[in-house]
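**Student:**
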């Protein structure tokens with residue numbers, strides 16, 4: 005065991021820990037946890053990473069989305085998240101092969117983001133996109 009660092013007066017110096025944000029996990033309310041988790045796994049290619057009676061976390065390629073059971077909701081609340089993708093055209097084709105019906109087809113926006121939008125069963129939207137413009141250095 006290493007000896008602790010000491011100040012000139014003999015007091016233990018505590019290391020300074022800098023807080024760091026690691027990642028964002030959007031969490032969507034859903035009325036049918038099984039139906040939504042099946043959509044993410046069977047149609048979008050995610051895998052279940054955590055499951056409880058009222059919450060499922062699905063993930064793929066370092067992206068994680070939480071699905072939280074909300075049986076009290078009577079009207080669909082539409083939430084959204086944007087997922088950056090490498091190879092967005094190939095991903096789009098793969099999802100269409102899996103019978104996913106994008107509500108907004110793939111197109112390049114004026115912002116040079118090539119993207120498409122999918123609605124999950126509880127009306128939460130997922131926008132998948134890739135920057136296709138020229139990179140500029142400063």
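In this note's numbering, the protein residues as written are 5 to 142.
Backbone N, C-alpha and C define an ideal beta-carbon position, used for all residues, glycine too.
All figures in this text were calculated on a predicted structure; none of them were measured in a lab.
1) If residue 106 sits next to residue 121, beta carbons under 8 Å apart, how far is it from one beta carbon to the other, in whole angstroms?
2) Could you give the residue range of the alpha helix (DSSP H) that holds residue 37?
3) I need the straight-line Cα distance from residue 37 to residue 132, nearest angstrom please.
4) Checking the sheet assignment: what are the DSSP bridge partners for residue 88?
5) Tell me the DSSP secondary structure of residue 100 in three-state form.
6) What are the boundary residues of the beta strand (DSSP E) that residue 68 is part of?
7) When the Cα atoms are used, what is the spatial distance from residue 31 to residue 19?
8) Put residue 45 into one of helix, strand or coil per three-state DSSP.
9) Roughly how many whole angstroms lie between the Cα atoms of residue 57 and residue 136?
10) Measuring alpha carbon to alpha carbon, tell me which of 124, 93, 76 and 115 ends up nearest residue 109.
11) Can you tell which of 29, 27 and 47 has the C-alpha that lies nearest to the C-alpha of residue 100?
**Tutor:** On the basis of the coordinates in this document:
1) About 6 Å separates the two Cβ atoms, so the contact holds.
2) For residue 37, the enclosing alpha helix (DSSP H) starts and ends at 37-42.
3) 22 Å
4) Residue pairing of residue 88 in beta bridges, as defined by DSSP: 133.
5) Residue state, collapsed to three classes: helix.
6) 67-73
7) 34 Å
8) helix
9) 41 Å
10) 93
11) 47
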